[in-house]
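Numbering of the sequence shown is given in the numbering used here, commencing with residue 182 and proceeding in unit increments.
What follows is a set of notes on a single structure, which appears directly below.
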Amino acid sequence: MNEYDSNRISDLMSSINYKKVSEIESADCFIFNTCHIREKATQKVYSDIGKIKKIFRNKKNKPIFILAGCVAQAESSIVFEKSDFVDIVVGPQAYHKLPTLIKNYEANEENISNTDLDVSDKFSSLENYKNSCSKISTFITIQEGCDKFCKFCVVPYTRGPEFSRNPDQILNEIKSLVKNGTKEITLLGQNVSGYKYHDINLSKLINLIASIQEIKRIRFTTSHPKDFDEDLINIFKYQEKLMPQLHLPVQSGSNKILELMNRKHTREFYLELIEKFKNARNSIEFSSDFIVGYPGETDKDFADTLDLIDQVKFSNSYSFIYSQRPGTPAVDYEQIPTEIAQNRLELLQKKLFDLQIKFNESKINTKSKVLLENITTKGDQFFGRNEHMQAVFVNGNNFIPGSIADVRIQSCNKNNLFGIISNN
Ligand code: SAM
Ligand code: SF4
182 MNEYDSNRIS DLMSSINYKK VSEIESADCF IFNTCHIREK ATQKVYSDIG
232 KIKKIFRNKK NKPIFILAGC VAQAESSIVF EKSDFVDIVV GPQAYHKLPT
282 LIKNYEANEE NISNTDLDVS DKFSSLENYK NSCSKISTFI TIQEGCDKFC
332 KFCVVPYTRG PEFSRNPDQI LNEIKSLVKN GTKEITLLGQ NVSGYKYHDI
382 NLSKLINLIA SIQEIKRIRF TTSHPKDFDE DLINIFKYQE KLMPQLHLPV
432 QSGSNKILEL MNRKHTREFY LELIEKFKNA RNSIEFSSDF IVGYPGETDK
482 DFADTLDLID QVKFSNSYSF IYSQRPGTPA VDYEQIPTEI AQNRLELLQK
532 KLFDLQIKFN ESKINTKSKV LLENITTKGD QFFGRNEHMQ AVFVNGNNFI
582 PGSIADVRIQ SCNKNNLFGI ISNN
């Protein structure tokens with residue numbers, strides 16, 4: 182979502198005649214779009230601001246420095262106390278105001294902080310700016326915010342309540358992306374499976390998008406397991422443009438921990454849901470998010486998580502040590518010693534890594550349909566992704582970006598598949 186937001190910020194900045202530069206020293210404005218989900222990301226922001234400040238220490242003109250995104254939202258004007266280099270602070274639902282905020286700053290040179298949470302205002306304002314992203318595979322935000330309040334998570338506080346965009350607005354934006362060359366759309370939302378605009382739910386929206394001929398592939402992320410209705414399971418049966426890969430975060434395989442996290446689902450519910458998807462489309466593969474070392478997690482709880490992984494056999498996943506986030510309920514709970522959490526993370530990642538390698542290896546000597554995105558810097562190799570989102574490098578250079586090729590997979594490593602065009 183930050184990638185989508187950054188692209189939109191870039192569109193806004195072009196409208197007031199700012200251009201991207203590749204040399205740090207030649208910039209007269211910096212915008213950091215930040216993530217607050219874990220502590221490490223937040224700390225990195227301040228250390229990176231320090232690096233830019235150092236570069237400009239002896240220069241005559243100080244660039245305008247804008248801190249955008251979820252760190253800006255969470256810290257608001259405290260940012261100015263932590264760094265005197267920052268001039269403007271703007272939250273993730275207020276960045277559409279940047280052209281005005283910059284103008285005001287230039288007129289008065291006084292620090293400005295805007296952390297309004299009116300997301301509807303943002304999207305209707307962004308409609309006035311063409312989305313200039315020209316990637317073959319492009320993200321588009323359709324839903325934002327969260328009302329679930331998992332006890333570890335800052336999202337409900339930094340992105341605000343759940344909001345679904347008007348489908349007409351979404352379709353118009355996708356049509357303009359199609360003109361830029363887009364063939365694959367990934368629909369984004371913190372709770373994308375809960376998308377609802379009057380009588381349009383996510384499955385209806387996917388069908389509307391699928392009717393745009395130039396769009397060849399559709400994906401959506403991130404889903405909450407509790408938000409799937411029958412329509413959204415059944416659409417995997419018939420909508421061929423919807424890819425057979427689903428990111429479905431579970432966080433833990435222990436019912437006790439799921440309850441302590443306020444996840445609103447059990448492991449049994451999750452496993453039943455997985456079966457429903459498999460019944461709808463037997464080629465479907467799953468990825469997930471895991472948190473280890475959550476307050477209260479015992480060896481038995483952790484073993485339940487490993488067991489759930491064995492049952493589902495995720496094709497790839499993200500895993501994190503629980504990170505205490507200010508303002509969330511779990512911050513005050515008794516914490517698990519770091520060493521135990523670290524050991525568990527290593528065990529869990531080894532299991533996930535083994536499954537990922539196994540899945541990649543299962544593709545060797547089979548054919549994958551690969552949406553070709555771009556030629557690599559090697560010059561004689563194309564990059565693309567198959568239906569399961571695996572990165573595929575294809576030998577050759579006379580392909581058309583945006584076309585779908587039959588590729589025979591010859592080898593793999595942990596993250597990538599390698600192959601050649603298959604003629605039979
Ligand atoms: N809405 C999605 C869901 O409920 O599954 C997740 C969105 S969240 C932005 C992305 C991931 O960050 C979560 O699935 C979780 O694994 C991780 N995460 C969130 N808060 C965290 C925390 N305090 N510590 C560690 N990981 C965290
Ligand atoms: Fe955070 Fe996802 Fe839980 Fe919402 S549902 S609070 S975004 S982890």
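Glycine included, each C-beta is placed from N, C-alpha and C at the ideal position.
From a predicted model like this one, the values you see are computed outputs, not experimental measurements.
Just checking residue i against the ligand SF4 - is the residue's beta carbon closer than 8 Å to any of the ligand's heavy atoms?
i: residue 234; result: no
i: residue 405; result: yes
i: residue 333; result: yes
i: residue 371; result: yes
i: residue 336; result: yes
i: residue 430; result: yes
i: residue 612; result: Absent from the structure is residue 612, since the part of the chain shown begins at 182 and ends at 605.
i: residue 344; result: no
i: residue 330; result: yes
i: residue 398; result: no
i: residue 444; result: yes
Measuring alpha carbon to alpha carbon, tell me which of the options ends up nearest residue i.
i: residue 381; options: 552, 412, 253; result: 412
i: residue 187; options: 250, 206, 222; result: 250
i: residue 493; options: 518, 448, 527, 475; result: 448
i: residue 288; options: 303, 500, 268, 306; result: 268
i: residue 516; options: 475, 308, 546; result: 475
i: residue 409; options: 372, 352, 336, 538; result: 372
i: residue 313; options: 355, 473, 422; result: 355
i: residue 513; options: 505, 519, 238; result: 505
i: residue 500; options: 428, 508, 546; result: 428
i: residue 254; options: 192, 281, 239, 223; result: 223
i: residue 568; options: 591, 423, 599; result: 423
i: residue 309; options: 193, 441, 604; result: 193
i: residue 473; options: 433, 290, 570; result: 433
Can you tell me whether residue i sits near the ligand SAM, meaning its C-beta is under 8 Å from at least one heavy atom of the ligand?
i: residue 468; result: no
i: residue 327; result: yes
i: residue 219; result: yes
i: residue 378; result: no
i: residue 511; result: yes
i: residue 435; result: no
i: residue 514; result: no
i: residue 504; result: yes
i: residue 212; result: no
i: residue 472; result: yes
i: residue 501; result: yes
Do you know how far the Cα of residue j is from the Cα of residue i?
i: residue 414; j: residue 359; result: 27 Å
i: residue 560; j: residue 283; result: 41 Å
i: residue 535; j: residue 565; result: 23 Å
i: residue 451; j: residue 459; result: 13 Å
i: residue 210; j: residue 454; result: 47 Å
i: residue 334; j: residue 578; result: 45 Å
i: residue 523; j: residue 430; result: 20 Å
i: residue 398; j: residue 365; result: 5 Å
i: residue 529; j: residue 487; result: 7 Å
i: residue 231; j: residue 221; result: 16 Å
i: residue 262; j: residue 270; result: 12 Å
i: residue 190; j: residue 489; result: 40 Å
i: residue 241; j: residue 206; result: 12 Å
i: residue 585; j: residue 552; result: 4 Å
i: residue 549; j: residue 378; result: 36 Å
i: residue 498; j: residue 537; result: 8 Å
Could you tell me whether any Cβ in chain C is nearer than 9 Å to the Cβ of residue i?
i: residue 239; result: Within the model displayed, chain C is absent; a lone protein chain is all it includes.
Flag residue i as yes when its Cβ comes closer than 8 Å to any non-hydrogen atom of the ligand ADP, and as no otherwise.
i: residue 249; result: You won't find the ligand ADP in this model; what it holds is the ligand SAM and the ligand SF4.
Next on the checklist: Three or more C-beta pairs under 8 Å: does that hold for the stretch 472–482 against the stretch 437–454?
Outcome noted: Verdict: yes, contact present.
Item to check | Cβ pair count under 8 Å reaching 3, the stretch 457–470 against the stretch 289–297 | outcome: They do not touch, by the three-pair rule.
Checklist entry - Are the stretch 335–342 and the stretch 386–397 touching by the rule of at least three beta carbon pairs closer than 8 Å? => result Counting Cβ pairs under 8 Å, fewer than three are found: no touch.
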